[in-house]
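Numbering-wise (my numbering), the sequence shown opens with residue 909 and increments by one.
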Amino acid sequence: MTAQGGDILAWLDRAISERERVAQAADATDPSPWTADLAEGTGLLVRADGEPLWDCENSSALCMTAAASVHAALHDPESVLRRCAADRKLLELHSGRCHSCPAKDESGYLDEWTQFDYGDVCPVVELLADSYGWTEGKR
Ligand SMILES: [Zn+2]
909 MTAQGGDILA WLDRAISERE RVAQAADATD PSPWTADLAE GTGLLVRADG
959 EPLWDCENSS ALCMTAAASV HAALHDPESV LRRCAADRKL LELHSGRCHS
1009 CPAKDESGYL DEWTQFDYGD VCPVVELLAD SYGWTEGKR
C-alpha cells in the first residue's frame, strides 16, 4: 500500500466510523425509522414510536420545511448505518488486494479490465472517499 493509498483508506475509515458513532447515538435517543409528518408546507420529523423529534432550544417539536423533513427522514440513523455497512463492504472489495475494476484510461476510454495492485488506489475507493468529503477542500 502506498502512503497515498494508506492515507485515503485511513481517512475513509475514520469518516465512516464517525458517521456510525453519530448515527448510533442518535438512534439511541430517537429510534429509527424516522418519518416526515407533512402539513401546510412544513414538516414534522417523527421517530419510530410516533413521537416528534424535539427542538431542544425553542419549541416542543422539530418543525422544518416539508422538503427538509423528508430529506432528514430519508437519512435516519438506520439508513446511515446501512450505508456505512455497504461502504465498508465496497472498501473490502476495492482496497488492499489485487483486483480488476472498471476505470478510465488517460484518454477517457472506459477499460473494464484495469488491474489494481496492492499499491494502487482504485477509483471506487476515491469515489467513496469523495462522498464523505475527501476532496471537499479542493473544490
Ligand atoms: Zn476496484
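Backbone N, C-alpha and C define an ideal beta-carbon position, used for all residues, glycine too. Just so we're clear, the structure is a prediction, and the values are computed from it rather than from any experiment.
In the three-state reduction of the DSSP assignment, aspartate 995 falls in the helix class, which pools H, G and I.
DSSP lists no beta-bridge partner residue for threonine 937. Not one heavy atom of ligand 1 lies closer than 6 Å to the C-beta of histidine 979. As computed with DSSP, leucine 952 is found in a beta bridge with Asp945, Cys971. Put simply, of Ser1015, Asp1019, Trp942 the residue whose alpha carbon is nearest the alpha carbon of cysteine 1009 is Asp1019.
Here cysteine 992 is near isoleucine 924, since their CB atoms are less than 7 Å apart.
Here alanine 944 is actually not in contact with serine 968; their C-beta atoms are around 17 Å apart, not less than 8 Å. Look at cysteine 1009: its beta carbon is less than 6 Å from one of the heavy atoms in ligand 1. Listed as beta-bridge partners of leucine 1018 by DSSP are Lys1012.
Exposure of glycine 949 is indicated by the presence of fewer than 16 other C-beta atoms within 10 angstroms of its C-beta. The beta carbon of valine 988 sits closer than 7 Å to the beta carbons of Arg927, Ala931 from its chain, once the five residues preceding and following it are set aside; these are given in chain order.
In the DSSP secondary-structure assignment, histidine 983 is not bridged to any residue.
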